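All remarks here apply to the structure that follows.
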Amino acid sequence: MFRRLVGGPSRLRNLAQNQPYAIEEITPAGTSLSLLVCGRLRVSHKGEVLHTIWPGEFVDSPEFRATRIHPRQPFQVMGFEVDTINSVQFSNHTGNCRAVLGSARRVPDSTIAANTRAKGATEPCYKHWRGHVLKSDELCELYEGLRLNGITDYDYVLTGYTADRSFLERLVGIIKDLKQGNPQMVYVCDPVLGDTWDGKGSMYVPEDLLPVYRDLVLPMADVITPNQFEAELLTGRTFSTQSEAIEVMECLHARGPHTVLITSADVDGARKNDRLVVFGSRNQPGRRRERIRMEMPRISAVFVGTGDLFAAMLLAWLHRHPHDFKLACEKAVSAIQHVLHRTFHCARELAGHEKPNSAELELRMIQSKKDIEDPQVTLHASSL
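At position 293 of the sequence shown (counting the first as 1) the number is 313 in our numbering, and the numbers step up by one without a gap.
As structure tokens, then:
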């Protein structure tokens, strides 16, 4: 759940080609960045050498041998060092089967430009999963160790999936403590609450998390990345048009975040035309108001972990382009599109004439390394 990012020269080795390559510095020499992240921990079932795993099933291997990685890996590829503590540890991703108070509910994962119920689309849900959830007391114990050692000087906080109210409340206290120590720290929140399934919204976390996000988390958040359903839950307002989406973003701004990205929105009949929309708004003191809209094609498959990856990529590109909100959004969304298209193409090749299964639809992020480092902008944002 916690990650430390340190900018500066970094090198990895591409063992597939046995050739070294340098990673471009994001920060000037002598400066550093640090990041705290909350999310899910999973272990690989494919037999690769691994150390730690987080949502999206990443493998942190000294030999860089794995085929799938966690969104922390893009940070490392872009020149950051990363430390992680995770909120849950599962044997594999739960796909569309979310654990809710001890029972499994079939609901979709947050997706970017992915059709969650397209004709012929597969449902990437493994039949079995095992693991455990980090308890709130364990979270506090881990944070206390960081605090006692004086290594809580984070510049960024990124939180994602949390399934327990007491855990989220403890996390709120930690973020508040971190902000008191560093008022300039930026908190990025991916409020994982639920998604739309067959046109109907469904929560896949306990309902008592909603008021905590709305009343405690949002006032501290600087950047928030909800999907349409989550944005509607947090504001109590639904939207189906662009003007209504702007009103919802204004409501979110009023609760605290200066930057809002609404993902996978269906407005003005976009879904009927096999399109999805991303809306973005930035309202920082001393800067002019910026709003953008991006449209993208839907893909007839369900992908797990795209929301996690999007939040990671958005944070990274907002850091790299702090004064160009439009370009940062274009880079983040285009990177996701490259990963999804490569994943879908590989899955279809592996599946042959059958529908791709869960393992075949795992995000191909290592194969997409170059697109993550420097994505070609294939989707452009329009200013609103």
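Virtual Cβ for every residue (Gly too), placed ideally from N, Cα, C. Model, not experiment: these values are computed from the prediction.
- The criterion of a C-beta distance shorter than 8 Å is not satisfied by D288 and T255.
- A321 is a Cβ neighbour of A367, given a cutoff of 8 Å.
- With the rule of 3 Cβ pairs closer than 8 Å, the stretch 232-241 does not count as touching the stretch 294-305.
- With respect to the 8 Å criterion, L338 and I356 are not classified as neighbours on the basis of their beta carbons.
- Apart from sequence neighbours up to five positions away, the residues of its chain that approach C160 with a beta-carbon distance below 7 Å are R190, ordered along the chain.
- Of the candidates P203, L281, M205, the residue whose Cα lies closest to the Cα of N247 is L281.
- Assignment of S260 by DSSP, reduced to helix, strand and coil, places it in the coil class.
- For the stretch 149-175, the full-length beta strand (DSSP E) segments reaching 3 residues or more read 151-153 along the chain.
- The alpha-carbon separation between A371 and D391 amounts to approximately 24 Å.
- Sorting L213, L404, P203, F345 by C-alpha distance to the C-alpha of T172 places P203 at the top.
- Considering only F187, D242, Y176, V359, the residue with the shortest C-alpha distance to S156 is F187.
- Minimum Cα-Cα distance from Q387 among the listed residues L404, A352, L253, H361 corresponds to H361.
- In the three-state scheme derived from DSSP, where H, G and I count as helix and E and B as strand, Q304 is classed as coil.
- The shortest CA-to-CA distance from G99 to any of H400, T398, K389 is the one to K389.
- In the DSSP assignment, P317 forms a beta bridge with R295.
- In the DSSP annotation of this structure, the continuous segment of the beta strand (DSSP E) that includes M223 starts and ends at 220-223.
- Note that the C-beta distance between H273 and E350 is not below 8 Å.
- As for any beta strand (DSSP E) of minimum length 3 sitting wholly inside the stretch 222-250, there is none.
- Contact check between the stretch 215-234 and the stretch 163-178: fewer than three CB pairs, one atom from each, fall below 8 Å, which does not count as touching.
- Where G193 is concerned, there is no enclosing beta strand (DSSP E), although the alpha helix (DSSP H) around it starts and stops at 185-201.
- Sequence-distant partners of L334 (beyond 5 residues in either direction) whose C-beta falls short of 8 Å from its own C-beta, in its chain, are V208, V243, T245, L281, A348, C349, A352.
- The residue from T398, T279, T363 with its alpha-carbon nearest to that of R307 is T279.
- Annotation for V206: the continuous beta strand (DSSP E) segment containing it runs 206-209.
- Here the alpha carbons of N106 and L213 stand approximately 18 Å from one another.
- The residues V268, L272, I282, in chain order, have a CB closer than 7 Å to that of A251 in the same chain once the five nearest residues on each side in sequence are set aside.
- In this model, V192 and H152 are separated by some 22 Å (Cα to Cα).
- Spanning the alpha carbons of L198 and K292 requires a straight line of approximately 44 Å.
- The alpha carbon of P277 has as its nearest neighbour, out of A241, F259, P305, the alpha carbon of A241.
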